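Comments concern the structure below.
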Amino acid sequence: MKVNASNHVGTCRCGQLRAECEGEPVRVSVCHCLDCQKRSGSAFAAQARWPDQKVRVTGEAKTWTRVADSGHRATYHFCPNCGSTVVFVIEGWPGVTAVPLGAFADPQFPAPKFSVYEHRKHSWTAVLGDDVEHSSPGAHLEQAGVNDA
0 MKVNASNHVG TCRCGQLRAE CEGEPVRVSV CHCLDCQKRS GSAFAAQARW PDQKVRVTGE
60 AKTWTRVADS GHRATYHFCP NCGSTVVFVI EGWPGVTAVP LGAFADPQFP APKFSVYEHR
120 KHSWTAVLGD DVEHSSPGAH LEQAGVNDA
């Protein structure tokens with residue numbers, strides 16, 4: 000949900016947990032890693048990132064931490080009532096908070112500019128746009144027979 004010309008509010012499904020994000024995100028991306036697929040329940044996950052000081056979280060949250068494909072710890076903050084993830088932080092992105100795009104319920108939200116872990120992308124998906132940066136961190140490990148999941 001867009002509150003005004005430069006603020007976005009993401010909420011969980013029941014509305015109890017909120018993330019108020021000031022200004023425009025510093026990055027909007029799609030991730031195809033297996034863990035993001037599992038977290039989102041979809042073929043990929045889309046998220047936007049802001050500097051920590053631009054995100055205000057209100058409501059009660061539970062957290063869950065895992066080691067991401069990158070090797071960094073990712074901590075997810077989700078609603079204890081409906082289970083929706085509203086924000087997450089990743090060690091590899093210090094000072095930055097991510098919000099899943101679906102939390103905004105805004106079809107006009109800026110499109111992703113980055114598509115990562117494409118070696119894990121389902122063959123029937125495509126992230127379109129002339130200015131989208133495509134990358135596949137970890138693909139070299141998989142090609143060498145090392146499972147980085």
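Everything in the sequence shown is counted per numbering that gives the first Met the number 0, starting at 0 for the first residue and increasing by one. Ideal Cβ placement from N, Cα and C applies to all residues, glycine included. Note that the structure is a prediction, hence the values are computed from the model and not measured.
Going by beta carbons, H71 and E59 fall outside the 8 Å limit. Annotation for K61: no alpha helix (DSSP H) segment contains it, though the beta strand (DSSP E) segment containing it runs K61 to V66. Non-local beta-carbon contacts of D130 in its own chain, meaning distances under 8 Å to residues more than five positions away in sequence, involve K112 in chain order. With respect to V56, R17 sits close: the two C-beta atoms are nearer than 8 Å. Beta-bridge partners assigned by DSSP to A47: V27 and V98.
Beyond the five residues adjoining it in sequence on each side, C32 comes within less than 6 Å, by CB distance, of D68, Y116 and R119 in the same chain, given in chain order.
Looking only at Q46, W92 and K61, the smallest Cα-Cα distance to E23 is reached by Q46. Distances from the alpha-carbon of L127 to those of H121, A110 and W63 put A110 closest.
A97 is classed as buried because its beta carbon has at least 16 other beta carbons within 10 Å across all chains shown. Within the DSSP secondary-structure output, R55 pairs in a beta bridge with E19.
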